[in-house]
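Here the sequence shown is numbered in UniProt numbering, starting from 1 and rising by one per residue.
Idealized CB from N, CA, C, for every residue including glycine.
Report on the structure given below.
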Amino acid sequence: MAFHGTSRQSVCGNLFPGADLGHKYFCVNSSTGTTSAGLGATPSSSGPAAPAGTPRHPAALGGGTGGGAAVPQPHSNTASEVPSPAEMEPDRPIGYGAFGVVWSVTDPRDGRRVALKKMPNVFQNLVSCKRVFRELRMLCFFKHDNVLSALDILQPPQIDCFEEIYVITELMQSDLHKVIVSPQPLTTDHVKVFLYQILRGLKYLHSAGILHRDIKPGNLLVNSNCLLKICDFGLARVEEPDPSRHMTQEVVTQYYRAPEVLMGSRHYSAAIDVWSVGCIFAELLGRRILFQAQTPIQQLDLITDLLGTPPLSAMASACEGARAHILRGPQKPPSLSVLYMLSDGATHEAVHLLCRMLVFDPAKRISGSDALSHPYLDEGRLRYHTCMCQCCYSVPSGRVYTRDFEPSAERPFSHSYEQSLLSVWQGKELIHRFITEHQQGKRVPLCINPQSAAFKTFIRSTAWHSSKVSRKEER
Ligand SMILES: [Zn+2]
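Listed below in structure tokens is the structure:
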């Protein structure tokens, strides 16, 4: 596009509200304000006033360079001590989600480190426009400690120049994938508190009528104090109650894909997310991917190796070819006892819960909400609400617990606006208005400083990723 450069010129002059902050841009507010207890430390040592863990050099936190393990970051800046620009950590990329690049940046308003995500290719076509608007609205809708939400949205330029959207979220230090492949010890206590938080967040999402559809370790962000948040809603959508309505098959990274999706089912439910959590539970215990196949058919074969050949009733929604593939093969007996060999943590209780999640028939699979009632999660719940949550608090005489340990959403997420979204230009107007209204009466708005060196690097890394995304969307 010929005037792409022109439009960028007119993007706000200074990202920072104050002239003396001129060269740093993005904003942030780490609302979690957590202190580090060190992921490797035993959870029993972590608490509201847990000692800070050993901070490593922040440069090690590089998602783009395969940075590896959880890297605690020093949170030395408090809101009252706004550092001078020279003291601020440099902005840098920390990861590449399904759609968009994420950077770790400093909020010039309070000096806190936050994550800045650019949502690219918003107005390329109506499909991308709807997808980004849905993700943006979800990020602003979420109010749950185990689900990543938007802290702020950067001020958009005039609508004629409006091409990109930048969202600010809490900055988390690592994700479960990096933790699992790292040499850090993962105790049973870790597994329990992680699984508890995944299911707690999932119950909230499902109660809002949202299917995540891409639950995998890399989309489960964690802090060094073991706080966990589900992220990346680029593939999330509202649950479809009408079974005659077809849903896309392009969901979920293959290793975590539920059998009904692998078998070409045209309609699926929140149970696909529970399957993914089951796979992650096993991966936390064994520290290796449970079903790691090269192709979807091999993926299905690995699943039936473990669960045995499913009965016909469990394949009711499968496509003909997939059902024929299963029936053509040998009749396999279940071999669930191998789950006990995942690790010492694979106790009877653990395997019992795991087997309730890894059920072939989605109608018989346990729900996220019911899984939370399993006794395996009692210790994780206690640990979470004793020293990690925001919903309970301590008084001199002890801990005051919340009445609802696993809250549902206050209301379902509404996507009725999508029906009236008929053109890209209309979408642009709607999104522009949504962001402007979202900012009303909030903090000093932030915008991008397009002259800064960091911004130029940011744009380059995004452009590289965008081309991949457009190809994906064409399919
Ligand atoms: Zn609590």
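- Secondary structure of residue 170 (DSSP, three-state): strand.
- Under the DSSP assignment, residue 221 falls in the beta strand (DSSP E) whose first and last residues are 220–222.
- When 219, 159, 429, 329 are compared, the shortest CA-CA separation from residue 177 is found for 219.
- Ligand 1 has a heavy atom closer than 8 Å to the beta-carbon of residue 402.
- Contiguous alpha helix (DSSP H) elements confined to the region 180–232 occur at 188–207, taking only those with 4 or more residues.
- One Cα belongs to residue 206, the other to residue 451, and the distance between them is close to 42 Å.
- A Cβ-Cβ distance of about 5 Å is found for the pair residue 209 and residue 238, placing them in contact under the 8 Å criterion.
- Rounded to the nearest whole angstrom, the C-alpha separation of residue 194 and residue 181 is 15 Å.
- In the structure shown, the three-state DSSP call for residue 290 is coil.
- When the five nearest sequence neighbours on each side are left out, the beta carbons in the same chain lying within less than 6 Å of the beta carbon of residue 274 are those of 357, 365, 368, in order along the chain.
- The beta-carbon separation of residue 374 and residue 342, rounded to 17 Å, does not stay under the 8 Å limit for a contact.
- Membership of residue 394 in the beta strand (DSSP E) is indicated by the continuous run 393–395.
- In this structure, the straight-line span from the alpha carbon of residue 310 to that of residue 454 is close to 54 Å.
- At least one heavy atom of ligand 1 falls within 8 Å of the beta-carbon of residue 390.
- Short note on residue 204: C-beta not closer than 8 Å to any heavy atom of ligand 1.
- Counting the other CB atoms within 10 Å of its CB gives residue 144 a total of 16 or more, which places it among the buried residues.
- Residue 203 sits close to residue 406, with the two beta carbons spaced by under 9 Å.
- Rounded to the nearest angstrom, the gap between the Cα atoms of residue 449 and residue 147 is 29 Å.
- Between ligand 1 and residue 233, a heavy atom-to-CB distance of less than 8 Å is absent.
- By the C-beta criterion, the region 281–293 is judged to be in contact with the region 185–192, since at least 3 inter-stretch pairs fall below 8 Å.
- Taking residue 409 as reference, the option from 234, 141, 268, 319 with the minimal CA-CA separation is 141.
- Residues 361 of the same chain have their beta carbon placed closer than 8 Å to that of residue 313, with the five preceding and five following residues left out of the count.
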